[in-house]
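Step one of this worksheet: look at the structure below.
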Amino acid sequence: MSRILVTGGSGLVGKAIKHVVETEPEGSPFAKRAGEEWIFASSSEADLRDPVATEALFDKYKPTHVIHLAALVGGLFKNMKYKLTFLRDNSLINDNVLRSSYTHQTSKVISCLSTCVFPDKVEYPLNEEKIHIGPPHDSNFGYAHAKRMVDVMNHAYKEEFGCNFTSAIPTNVFGPYDNFDLEDSHVIPGLIHKCVLAKKNGTPFVVAGTGKPLRQFIYSYDLAKLFIWMLRNYDDVEPVILSVGEDEEVSIKQVADAIVKAVGFEGNYSFDTTRADGQFRKPASNAKLLGLVGKFEFTPFDQALDETVKWFVTNYDNARTGSKK
Ligand code: NAP
Ligand code: GDP
13 MSRILVTGGS GLVGKAIKHV VETEPEGSPF AKRAGEEWIF ASSSEADLRD
63 PVATEALFDK YKPTHVIHLA ALVGGLFKNM KYKLTFLRDN SLINDNVLRS
113 SYTHQTSKVI SCLSTCVFPD KVEYPLNEEK IHIGPPHDSN FGYAHAKRMV
163 DVMNHAYKEE FGCNFTSAIP TNVFGPYDNF DLEDSHVIPG LIHKCVLAKK
213 NGTPFVVAGT GKPLRQFIYS YDLAKLFIWM LRNYDDVEPV ILSVGEDEEV
263 SIKQVADAIV KAVGFEGNYS FDTTRADGQF RKPASNAKLL GLVGKFEFTP
313 FDQALDETVK WFVTNYDNAR TGSKK
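Going by my numbering, the letters in the sequence shown line up with residues 13 to 337, in that order.
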């Protein structure tokens, strides 16, 4: 019997894991297995910044495994505004979850980092060995330092107590159930929402920055499968980058063009170059992942984007959008 607690179970990645576990056909390596119980927790069940609430959540479910996704999350602009809050909230959440996993003798924890944690000035591509070799980009140093400490804690828990704690490092994630807030979200959900409003209201569609920065994107349902693979097959403390290939970088302009096409927006759009570009690029290698998993079929970017736009339009009234316009 395994009881798998997914913290952050109501977010983009948590909902994707729930979807995959519940919809993969029997026999799929990603389907729910006999004897498995999956629990998807949100902040309303326990505020994980609070150690007492965290212990109570672990007392209630007594998980054998934890996929730890819960975090204060945001795109470039939210990270720039709330550096201390990103540092404190995420440090508290991570310390509480790892501590309660230890006190409850959880047999395995996979925590979620991000390619944002890597050094700003570094030789590309990024790989799992380069997390701590220089300071992160200034735009997200609060979030990045809190997340880096998870890797440090994983090693310390292993060395002092023999714990089986590890971490996954995804690139920029998108998909159904994302946060589509106009200001505080990541680029894809933010631009989908802006473009849908521009089409509906006949207003301008404005993309922040120059459009030149490059990013690697992963579809949330692909990422969900990789988390499930890690849960079942990976038992080392060292992190694994969960990403498409380093040759699959996409510029923000290409993202905007693809969104315009998927939304069916017929007007012109512009770039607001007074707004920040953030890090120019951060290409990450998936060589370690592919060496372990073998072959993995990533959903083509345009198909994943189409599915996300359709989901947003269909679920507009219930999607997380901050405010409706
Ligand atoms: P998300 O959609 O914003 O979801 C965040 C989740 O964390 C929600 O379930 C939220 O619960 C929960 N949460 C936030 N604060 C909490 C608290 N104080 N106590 C308990 N739960 C709390 O984020 P996501 O995109 O799914 O991110 C999942 C993980 O992936 C995070 O660790 C993030 O750092 C990492 N990541 C994300 C991206 C990306 O592009 N999105 C890229 C790389 C890594 P409520 O629903 O109740 O608020
Ligand atoms: P990052 O990958 O951590 O930097 O996070 P984002 O997903 O926020 O992507 C930021 C990049 O997209 C920057 O180059 C921004 O200038 C650009 N961008 C363009 N429009 C938007 C938008 O509406 N929201 C966000 N978050 N970024 C945007």
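Ideal placement from N, C-alpha and C gives every residue a C-beta, glycine not left out.
Taking a contact to require three or more Cβ pairs closer than 8 Å, the region 166-182 and the region 116-125 qualify as touching. In this chain, SER126 is not harboured by any alpha helix (DSSP H), its DSSP state being neither H nor E. Remark: C-beta atoms of ALA156 and VAL129 approach each other more closely than 8 Å. Set against 7 Å, the gap from the CB of CYS175 to the closest heavy atom of the ligand GDP is not smaller.
Relative to ILE145, the option among PRO137, PHE52 and PRO131 whose CA is nearest is PRO131. Straight across, the Cα-Cα distance linking GLY174 with TYR233 is about 32 Å.
Placement of the Cβ of THR19 at a distance of less than 7 Å from at least one heavy atom of the ligand NAP is found. Taking C-beta atoms as the reference points, LEU81 and VAL32 fail to come closer than 8 Å.
Fully enclosed beta strand (DSSP E) runs of no fewer than 3 residues occupy 281-284 of the region 269-310, in order along the chain. Approximately 5 Å separates the beta-carbon atoms of PHE192 and THR333; this is inside 8 Å, confirming the contact. For the 8 Å CB-CB criterion, PRO295 and PRO137 form a contact.
CA-to-CA, the gap between VAL305 and TYR169 works out to about 26 Å.
Residue pairing from DSSP places ASN191 in a beta bridge opposite ARG332. CA-CA distance, LYS74 to THR118, rounds to 8 Å.
Positions of the beta strand (DSSP E) runs, each at least 3 residues long and wholly inside the region 138-204, are given as 177-182 and 184-186 in order along the chain.
Taking C-beta atoms as the reference points, ALA210 and ASP284 fail to come closer than 8 Å. Taken in chain order, the whole alpha helix (DSSP H) runs of length 4 or more contained in the region 231-276 are 232-245 and 264-275. With a threshold of 7 Å, the Cβ atom of PRO75 does not count as near the ligand NAP, since no heavy atom of the ligand is closer than that. Closest in alpha carbon position to GLY303, among LEU254, ASP289, ARG160 and ILE105, is LEU254. Around the Cβ of ARG45, a 10 Å sphere holds fewer than 16 other Cβ atoms; the residue is exposed. Its chain contains THR178 as the residues whose beta carbon lies nearer than 7 Å to that of ASP248, once the 5 sequence neighbours on both sides are disregarded; these appear in chain order.
Distance check between ALA268 and each of ASP196, VAL208, GLY86 and GLU309 places VAL208 closest, using alpha-carbon atoms only. With a cutoff of 7 Å, PHE98 does not count as near the ligand GDP, since its C-beta is closer than that to no heavy atom of the ligand. Residues LEU24 and LYS27 of the same chain have their beta carbon placed closer than 6 Å to that of TYR189, with the five preceding and five following residues left out of the count.
C-alpha of ASN166 to C-alpha of LEU226: approximately 30 Å in a straight line. Between MET161 and SER103, the gap from beta carbon to beta carbon is short of 8 Å. Per DSSP, LEU317 lies in no beta strand (DSSP E); the unbroken alpha helix (DSSP H) holding it starts and ends at 313-326. Across the structure, PHE239 and THR215 are spaced so that their CA atoms are roughly 40 Å apart. The three-state reading of DSSP puts LEU69 in helix, counting H, G and I together. Excluding sequence positions up to five before and after LYS133, its CB lies within less than 7 Å of the CB of GLY146, all in the same chain and listed in chain order.
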